[in-house]
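Accompanying notes for the structure given below.
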Ligand code: SF4
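Numbering (the working numbering), first residue to last: 82 to 413.
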């Protein structure tokens, strides 16, 4: 919703000043799905707002429900399609939010990357993905956000940061910074800017290889920002914020799962005590890489354990819905 416009409309209508707060609180909670249904304001005002202001900036087209996971295809005002995923397997209900329509970074293992890039999402379109789920869940609500959906959040910096401000603000969604995570493919300049924000938001970096040439072959962004520069900037981030950085590593058969790859990633993670490794199962996408076989996967894990690396294996949800990491694509 365009809140500047809402404020103006309420002023035009000479509504009392508390009305703005009342409406925004209802909006963020997901209690209502339209102005027409806002039963706690007068009929006249409901009619006036419906006629002059869009409620949710996104229109749900299709939802798919899986075990503990739900995916929605949403349409923007200009007919673009994005996806958002709800994960309900924890103490907190988590939503994976998209930041762009498509993605310009074209990582080889990612369905979104294969779509190409259409445009950045606006602040409202980022926040409204969460409002959509809050409407569906009410009186329950989303408690944790991961900016790991379609797109590279750091390439839509201004809108993503202002969305995070709304997500975190008491007057907005009131989700604590420690319950927000942002993932980058390694946009080094923005990691520096992110460190300067001095926030407690969790930072994840899609690494997938600790070898420059190999990383370049699966993540074209590595040609622009070398592994060395990425590491320098992550070291600086860790030094400045004293916060852990989560490095994502999806094991791909014959790509990054050899003993040489293992020793390179061990060296990389061991170089900083605030570096933490997340092994994520590769989620298959059409024409993409193949996940490592069980034997190789287990050997890799054994090697990490033996080296006493800080790591965990992330369970993948939503594969059956094509809703897991790297699988989001507006197919419909
Ligand atoms: S993995 Fe992330 S950065 Fe890479 S193409 Fe997919 S959405 Fe873009």
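We put the beta carbon where it would ideally sit given N, CA and C, even for glycine.
Three-state class that DSSP yields for residue 196 in the structure shown
helix
_Considering only the alpha carbon of each residue, which of 388, 225, 85, 229 lies closest to residue 183?_
229
- Message: On a Cα-Cα basis, can you pick out the residue from 200, 252, 225 that is closest to residue 99?
- Response: 252
Q: Please work out which residues of its chain come closer than 8 Å, Cβ to Cβ, to residue 351, disregarding the five sequence neighbours upstream and downstream, and give them in chain order.
A: 388, 390
Residues bridged to residue 183 [DSSP beta-bridge criterion]: 198
Round the Cβ separation of residue 84 and residue 91 to the nearest angstrom and send it over; I've been treating them as touching at under 8 Å.
-> Their Cβ separation, rounded to whole angstroms, is 10 Å, which puts residue 84 and residue 91 out of contact at 8 Å.
### Around the ligand SF4, Cβ to any heavy atom closer than 5 Å, ordered along the chain
184, 186, 188, 191, 193, 194, 233, 266
For residue 153, collect the residues of the same chain with a Cβ closer than 6 Å to its Cβ; drop the 5 residues on either side in sequence, then sort them by chain order.
-> 141, 144, 165
Answer with buried or exposed for residue 257, where buried requires no fewer than 16 other C-beta atoms within 10 angstroms of its C-beta.
exposed
#### Entry: First and last residue of the uninterrupted alpha helix (DSSP H) at residue 346
340 to 351
Counting pairs of beta carbons, one from the stretch 264 to 273 and one from the stretch 220 to 234, are three or more of them closer than 8 Å?
yes
Q) In terms of residues, what are the limits of the alpha helix (DSSP H) holding residue 297? A) 293 to 299
Can you give me the C-alpha to C-alpha distance between residue 356 and residue 172, rounded to a whole angstrom? 25 Å
The stretch 202 to 213 in contact with the stretch 237 to 244 per 3-pair CB rule at 8 Å
yes
**Prompt:** Given a threshold of 16 other Cβ atoms within 10 Å of its Cβ, counted over all protein chains shown, does residue 216 qualify as buried or as exposed?
**Reply:** buried
- Message: Relative to the C-alpha of residue 308, which candidate in 124, 326, 288 has its C-alpha closest?
- Response: 288
*Closer than 6 Å by C-beta to residue 167: which residues in its own chain qualify, once you throw out the five before and the five after it? Chain order, please.*
151, 176, 214
| Since residue 318 and residue 269 are thought to touch, with beta carbons under 8 Å apart, how far apart are those beta carbons, to the nearest angstrom? | Incorrect: roughly 10 Å between the Cβ atoms, too far for contact.
Checklist entry - alpha helix (DSSP H) containing residue 318: first to last residue? => result 308 to 322
- According to DSSP, what are the bridge partners of residue 97? According to DSSP, residue 97 bridges with nothing at all.
Quick one, which of 134, 147, 149 has its alpha-carbon nearest residue 158's?
134
*With a 10 Å radius around its C-beta and 16 neighbouring C-beta atoms as the bar for buried, classify residue 97 as buried or exposed.*
exposed
* **Within-8 Å CB hit, residue 132 to chain B** => Absence of chain B from the displayed structure is noted, only one protein chain being present.
Enclosing beta strand (DSSP E) for residue 358 [first to last residue]
356 to 361
For residue 284, which of 190, 105, 271, 222 has the nearest alpha-carbon? 271
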